[in-house]
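Read the sequence shown against the numbering used here and you will find it ends at 527, with the numbers running on by one and no gaps.
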Amino acid sequence: MTFEQAEGRPAGQAPGEGAEAARRAEAGTAEPAGARGDDARTAGASRPAGTPGTAPRSDCDVVIIGAGIVGLSTAYAITRAAPGTRVVVLEKEPGPARHQTGRNSGVIHSGIYYPPGSLKARFALEGSAEMVKFCAEHDIPHDVTGKLIVATDRAELPRLHSLIQRGREHGIPVRELGPAQILEYEPEVRGLAAIHVGTTGVADFGAVADRLGRLATEAGARIEYDADVRTIGRRGGRVAVRTAAGRVIRARALVNCAGLHCDRIARLAGDAPGMRIVPFRGEYYSLSPARDSLVRGLVYPVPDPAFPFLGVHLTRGVHGEVHLGPNAVPALAREGYDWRTVRPAELAGTLAYPGAWQIARRHWRYGAGELHRSLSKRAFTDAVRRLLPAITADDLIPAPAGVRAQAVLPDGTLVDDFLITEGPHTIHVLNAPSPAATASLPIGREIAGRALGVLG
């Protein structure tokens with residue numbers, strides 16, 4: 072992909088005004104962003120239809136693709152660290168946080184699950200306290216409830232004890248509980264043993280993302296919605312991004328926070344991501360209002376270290392609703408929030424990827440159980456009943472699903488840590504599932520530091 076193609080001009084065509092503008096940009100004398108008349112929808116503005124062949128252009132220092140919580144935190148961090156830096160965020164949806172950010176369980180994770188030295192551990196430990204502080208300062212719904220991790224089978228006890236040790240290594244307040252003590256926290260929950268993690272909580276991450284976007288725009292950043300990136304070109308020290316509407320943004324650095332589409336964006340930029348996003352849908356139920364008193368706070372099973380999902384858990388959210396789930400089943404599209412949503416090209420790409428078949432071979436037994444719970448409400452109820460015996464299938468109401476953007480290596484390895492890579496003038500966030508919302512503030516600072524390093 073050449074720079075000219077990204078600008079909507081065939082390679083080799085006489086440069087004209089667009090090339091002259093590019094030369095001004097490379098010389099540091101480009102017109103300020105918006106000087107040539109932006110046609111894409113920005114925060115607080117409407118977007119008229121693009122005019123074929125005109126490709127309006129503007130210049131900035133950093134262009135960020137994706138207005139989920141990580142992309143918006145990055146924009147916020149750049150404007151705080153280097154005021155005056157020109158930042159543009161491009162989002163293909165009509166508003167922020169429409170996918171992973173707005174469809175998760177809303178839990179502020181403590182960091183207890185993640186190995187010492189990992190990015191997940193580092194950023195979750197920093198981010199959980201920061202997130203609580205940020206929510207308090209900006210009047211965003213949140214609550215530090217603590218949570219129980221409950222062993223319901225003797226085979227889970229060694230893993231529970233390992234979590235206790237890990238929590239202590241991280242300096243997380245952890246209390247060991249026996250069956251009677253579990254009832255002090257959750258009278259309807261049953262288990263052989265449990266731990267109480269005091270720093271876990273819940274928050275409205277959609278509201279957090281919205282606030283980060285507002286703070287970034289107040290500091291001079293621009294967020295453009297309905298801006299689906301179709302081509303990316305590079306020349307010299309510039310990156311050119313062209314949207315479906317013909318909008319062209321030229322920048323000195325590109326940050327890819329595209330979540331479910333991050334590998335595709337990396338390839339558009341000419342970088343080899345070395346992985347592929349394999350989407351897994353997490354399906355939820357809610358407890359009926361007449362029965363939501365059965366759960367006071369957050370209750371988790373002991374996770375299986377062989378798989379990066381935490382299992383079906385019980386979550387009382389910031390608005391009082393109780394969610395049960397998620398399970399984890401393959402999605403038939405990157406935004407496949409139900410079994411009816413199938414995108415043949417995306418599904419074919421997944422099926423052609425060797426890593427997807429390796430996952431199926433290694434984890435078929437686990438996956439069969441997840442599929443059974445997806446297709447059978449009774450089976451899902453039985454999974455919940457391991458923790459909450461009083462529940463019945465009639466107490467469960469279907470709730471919106473989410474899709475996890477899981478990075479998978481060609482050998483079938485599920486990437487278990489945050490993955491951030493760099494190319495020429497590009498930074499790619501290639502794996503940022505849970506606890507990315509919890510850790511979004513320190514992740515944003517990390518990416519911002521790398522982007523500012525590109526700017527020099």
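Even for Gly, the Cβ is constructed at its ideal location relative to N, Cα and C.
Bear in mind the structure is a predicted one, so any value in this text is a computation, not a measurement.
In the DSSP assignment, find the beta strand (DSSP E) that holds Q477 and state where it starts and stops. Start and end: L467 to V479.
Between A478 and N327, what straight-line distance do the alpha-carbon atoms span, to the nearest angstrom? When rounded, the separation of the alpha-carbon atoms in A478 and N327 is 14 Å.
When the distance is taken between beta carbons, is A503 closer than 8 Å to I514? Cβ distance < 8 Å, so I514 and A503 count as in contact.
Helix, strand or coil at A508 according to DSSP, with G and I counted as helix: Of the three classes helix, strand and coil, the one that applies to A508 here is coil, per DSSP.
Extent of the continuous alpha helix (DSSP H) to which Y256 belongs: Element bounds for Y256: P250 to Y256.
Just mark G527 as buried or exposed, buried being the case when its beta carbon has 16 or more other beta carbons within 10 Å. Answer is exposed; the Cβ neighbour count stays below 16.
If you follow the alpha helix (DSSP H) that T452 is part of, which residue opens it and which one closes it? Taken as a continuous stretch (DSSP letters only), the alpha helix (DSSP H) holding T452 covers K448 to R456.
Suppose only complete runs of 3+ residues qualify. What are the beta strand (DSSP E) ranges in the region 384-433, listed by chain order? At a cut-off of 3 residues, the continuous stretches assigned as beta strand (DSSP E) that sit fully inside the region 384-433 are 384-387 and 393-396.
Taking the alpha helix (DSSP H) that D156 belongs to, which residues open and close that run? Note that residue 156 is Thr in the sequence shown here, rather than Asp. Boundaries for T156: no alpha helix (DSSP H) harbours it, and the DSSP string shows neither H nor E there.
Quick check on S144: buried or exposed, where buried means 16 or more other Cβ atoms within 10 Å of its Cβ? The residue is buried, with at least 16 neighbouring Cβ atoms inside 10 Å.
Less than 8 Å separating the beta-carbons of E406 and V349? Their beta carbons are not under 8 Å apart, which means E406 does not touch V349 by this criterion.
Test item: CB-CB of V146 and M202 under 8 Å: Looking at the sequence shown, residue 146 is not Val but Ala. One thing to note: A146 has its Cβ no nearer than 8 Å to the Cβ of M202.
Hey, would you say R318 sits closer than 8 Å to A340, going by beta carbons? Between R318 and A340, the CB-CB gap reaches or exceeds 8 Å.
Identify whether A146 lies in helix, strand or coil by the three-state DSSP scheme. In this structure, A146 counts as helix in the three-state DSSP scheme.
Does DSSP classify H443 as helix, strand or coil? Three-state DSSP puts H443 in a helix.
Might you give, ordered along the chain, the residues of its own chain that have their beta carbon closer than 8 Å to the beta carbon of L231, omitting 5 neighbours on each side? Scanning its chain for C-beta atoms nearer than 8 Å, with the 5 sequence neighbours on each side dropped, one finds around L231 the residues I220, A222, A264, A265, I266 and V373, in chain order.
Specify the secondary structure class of S199 as computed by DSSP and reduced to three states. Helix, per DSSP.
Which of the three DSSP states is assigned to Y185 in this structure? Here Y185 sits in coil by DSSP.
From R301 to P469, what does the alpha carbon distance come to, in whole angstroms? Roughly 35 Å separates the two Cα atoms.
Quick check for students: name the residue ranges of the beta strand (DSSP E) that lie wholly in the region 317-393, counting only runs of 3 or more. Entirely contained in the region 317-393, the beta strand (DSSP E) runs reaching 3 residues are, in chain order, 319-327, 347-358, 369-372 and 384-387.
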